[in-house]
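All remarks here apply to the structure that follows.
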Amino acid sequence: APPSGQRGNSFLTLEGREVKVKMAARLLIRSAVRAATTCRAAPVPALTRGMAAGGIPTDEEQATGMERIVMKAMKEGADPYSMMKPKEYAGSKADPHLVPSITNKRIVGCVCEEDNTAVVWFWLHDGEAQRCPSCGSHYKLVAHELPH
Amino acid sequence: MAHQAHAYHMVDPSPWPLTGAIAALLMTSGLAVWFHFHSTTLMILGTILLLLTMFQWWRDVVREGTFQGHHTPPVQKGLRYGMILFITSEVFFFLGFFWAFYHSSLAPTPELGGCWPPTGITTLDPFEVPLLNTAVLLASGVTVTWAHHSIMEGERKQAIQSLALTIALGFYFTFLQAMEYYEAPFTIADGVYGSTFFVATGFHGLHVIIGSMFLAVCLLRQIHFHFTSEHHFGFEAAAWYWHFVDVVWLFLYISIYWWGS
Numbered sequence: 137a138p139p140s141g142q143r144g145n146s147f148l149t150l151e152g153r154e155v156k157v158k159m160a161a162r163l164l165i166r167s168a169v170r171a172a173t174t175c176r177a178a179p180v181p182a183l184t185r186g187m188a189a190g191g192i193p194t195d196e197e198q199a200t201g202m203e204r205i206v207m208k209a210m211k212e213g214a215d216p217y218s219m220m221k222p223k224e225y226a227g228s229k230a231d232p233h234l235v236p237s238i239t240n241k242r243i244v245g246c247v248c249e250e251d252n253t254a255v256v257w258f259w260l261h262d263g264e265a266q267r268c269p270s271c272g273s274h275y276k277l278v279a280h281e282l283p284h
Numbered sequence: 002m003a004h005q006a007h008a009y010h011m012v013d014p015s016p017w018p019l020t021g022a023i024a025a026l027l028m029t030s031g032l033a034v035w036f037h038f039h040s041t042t043l044m045i046l047g048t049i050l051l052l053l054t055m056f057q058w059w060r061d062v063v064r065e066g067t068f069q070g071h072h073t074p075p076v077q078k079g080l081r082y083g084m085i086l087f088i089t090s091e092v093f094f095f096l097g098f099f100w101a102f103y104h105s106s107l108a109p110t111p112e113l114g115g116c117w118p119p120t121g122i123t124t125l126d127p128f129e130v131p132l133l134n135t136a137v138l139l140a141s142g143v144t145v146t147w148a149h150h151s152i153m154e155g156e157r158k159q160a161i162q163s164l165a166l167t168i169a170l171g172f173y174f175t176f177l178q179a180m181e182y183y184e185a186p187f188t189i190a191d192g193v194y195g196s197t198f199f200v201a202t203g204f205h206g207l208h209v210i211i212g213s214m215f216l217a218v219c220l221l222r223q224i225h226f227h228f229t230s231e232h233h234f235g236f237e238a239a240a241w242y243w244h245f246v247d248v249v250w251l252f253l254y255i256s257i258y259w260w261g262s
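Residue numbers (our numbering), protein chains in the order written: chain G, 137 to 284; chain P, 2 to 262.
This is the structure we're talking about:
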């Protein structure tokens, strides 16, 4: 039986020590290789997140669902859910009103002149720009992408 | 999830509006039954149903907002309008009781002795416990503001401490007011003085308790990481309500406790 030490484990044998040293050496080389090949291009923000920073999460860390989608879109300047006022256009042939739509047609209500109480309603179809039957302003349907 | 082309929240079907309506029915008819037949069963049943409704409805709102992310900016705006409108309705509620107080106290009838406070009424010294109560509520207004800034600045420990302190001050007010009620030399049955005093301060005390509960829920949510440094409307709503309660007390103190003594 191999001689055992005070604690009675077999690692105190010469063979045991060799195994340990070989394992340690292998691990050292492995971690050295990893450290040498790690990409250090992107700086990691140290101590600015969650519990490390002050303990209260930010929307960036914790917002979810629609709130997160809207937050991301707003950061990029996009407005997928039409929360903002529609953009203003001249309404001419060269600068028609661009009407975003999730299908191939959308109802348009044209208030031809400011303060008009009679709104001119019509379906705007995909394709060539249409004109308001009352004032002649140009409207063009454009595809609108929803983040799903 | 998002097959909608808008940022609003179309709420899933819910049973809580129905259970709330049933609770209101049972509570009111239960009140009548209590008056006429000396049985509180129906009223207590209604109250239990009301408490269950409130718990489950608001739990669902927290789930929808915090856990599912339905509270987009326009939705939050709607919630803000809602809270402001609700607090405004409460302002009108209290206005009624102040109207009643001033109606009776500005032109005291001969039955009262033609004076205010009425003959025989020993009023409370406004510079004793009522003044302490004023200091307690004002201080709680400071601590709740401290809590808000802590949340906005991402300071978890301070937010929890200041919010807990606010609630403690709220409980201290309620305790002091309960002592005052017990020790008062007049009762609600003591003419119009008693009526206006206890109805106005009583409803105020009830609102302090409600506000403290609201803040306590916020404390629990803050401990469980619900609030972010940018989005914490539940807390803001509770803080608005708390400031409203504080302002009502200031009017009560000036009108009833001080001028009315």
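Beta carbons are placed, not taken as given, at the ideal position from N, Cα and C, and that holds for glycine.
Alpha carbon to alpha carbon, how far is residue j from residue i? Give it in angstroms, no decimals.
{"i": "L80 of chain P", "j": "Y103 of chain P", "result": "35 Å"}
{"i": "E249 of chain G", "j": "K229 of chain G", "result": "18 Å"}
{"i": "T29 of chain P", "j": "G97 of chain P", "result": "21 Å"}
{"i": "M55 of chain P", "j": "M44 of chain P", "result": "16 Å"}
{"i": "K211 of chain G", "j": "Q178 of chain P", "result": "50 Å"}
{"i": "G121 of chain P", "j": "S196 of chain P", "result": "15 Å"}
{"i": "H37 of chain P", "j": "L27 of chain P", "result": "15 Å"}
{"i": "T175 of chain P", "j": "V209 of chain P", "result": "7 Å"}
{"i": "L51 of chain P", "j": "S105 of chain P", "result": "35 Å"}
{"i": "S146 of chain G", "j": "V169 of chain G", "result": "Caution applies to S146 of chain G, whose pLDDT of 48 falls short of 50 and renders its modelled position unreliable; the value that the coordinates give is listed next. Taking the straight line from one Cα to the other gives about 31 Å."}
{"i": "L216 of chain P", "j": "S270 of chain G", "result": "57 Å"}
{"i": "W17 of chain P", "j": "T48 of chain P", "result": "14 Å"}
{"i": "A189 of chain G", "j": "E65 of chain P", "result": "27 Å"}
{"i": "L170 of chain P", "j": "D251 of chain G", "result": "55 Å"}
{"i": "S40 of chain P", "j": "V34 of chain P", "result": "6 Å"}
If you check the beta carbons only, do residue i and residue j fall under 8 Å apart?
{"i": "A1 of chain P", "j": "Q69 of chain P", "result": "Beyond the ends of chain P as shown, which are 2 and 262, falls residue 1 of chain P; an answer cannot be given."}
{"i": "I192 of chain G", "j": "T229 of chain P", "result": "yes"}
{"i": "L125 of chain P", "j": "P119 of chain P", "result": "no"}
{"i": "Y242 of chain P", "j": "G212 of chain P", "result": "yes"}
{"i": "T123 of chain P", "j": "F187 of chain P", "result": "yes"}
{"i": "T135 of chain P", "j": "S163 of chain P", "result": "no"}
{"i": "W250 of chain P", "j": "L132 of chain P", "result": "no"}
{"i": "I257 of chain P", "j": "A190 of chain P", "result": "no"}
Contact criterion: CB-CB distance below 8 Å. Does residue i meet it with respect to chain G?
{"i": "S230 of chain P", "result": "yes"}
{"i": "T73 of chain P", "result": "yes"}
{"i": "Q157 of chain P", "result": "Residue 157 of chain P is actually Arg in this sequence, not Gln. Yes, R157 of chain P counts as interfacial toward chain G."}
{"i": "E154 of chain P", "result": "yes"}
{"i": "G70 of chain P", "result": "yes"}
{"i": "A6 of chain P", "result": "yes"}
{"i": "A25 of chain P", "result": "no"}
{"i": "F226 of chain P", "result": "yes"}
{"i": "A160 of chain P", "result": "yes"}
With DSSP collapsed to three states, give me the class of residue i.
{"i": "Q266 of chain G", "result": "strand"}
{"i": "G273 of chain P", "result": "Outside the shown range of chain P (2 to 262) lies residue 273 of chain P, about which nothing can therefore be said."}
{"i": "A160 of chain G", "result": "helix"}
{"i": "C246 of chain G", "result": "strand"}
{"i": "F226 of chain P", "result": "coil"}
{"i": "K241 of chain G", "result": "strand"}
{"i": "F187 of chain P", "result": "coil"}
{"i": "H233 of chain P", "result": "coil"}
{"i": "P16 of chain P", "result": "coil"}
{"i": "L234 of chain G", "result": "strand"}
{"i": "H104 of chain P", "result": "helix"}
{"i": "K276 of chain G", "result": "strand"}
{"i": "L260 of chain G", "result": "strand"}
{"i": "E156 of chain P", "result": "strand"}
{"i": "G190 of chain G", "result": "coil"}
{"i": "Y82 of chain P", "result": "helix"}
Any idea if residue i is buried or exposed, counting beta-carbon neighbours within 10 angstroms, 16 or more meaning buried?
{"i": "A24 of chain P", "result": "buried"}
{"i": "I85 of chain P", "result": "exposed"}
{"i": "W117 of chain P", "result": "buried"}
{"i": "G272 of chain G", "result": "exposed"}
{"i": "G206 of chain P", "result": "buried"}
{"i": "E203 of chain G", "result": "buried"}
{"i": "S15 of chain P", "result": "exposed"}
{"i": "R162 of chain G", "result": "exposed"}
{"i": "T167 of chain P", "result": "buried"}
{"i": "F94 of chain P", "result": "exposed"}
For residue i, would you say it is in contact with chain P, using Cβ-to-Cβ distances shorter than 8 Å as the test?
{"i": "R204 of chain G", "result": "yes"}
{"i": "S218 of chain G", "result": "yes"}
{"i": "A199 of chain G", "result": "yes"}
{"i": "D195 of chain G", "result": "yes"}
{"i": "A188 of chain G", "result": "no"}
{"i": "L277 of chain G", "result": "no"}
{"i": "G213 of chain G", "result": "no"}
{"i": "L282 of chain G", "result": "yes"}
{"i": "I238 of chain G", "result": "yes"}
{"i": "G245 of chain G", "result": "no"}
{"i": "I165 of chain G", "result": "no"}
{"i": "G263 of chain G", "result": "no"}
{"i": "G272 of chain G", "result": "no"}
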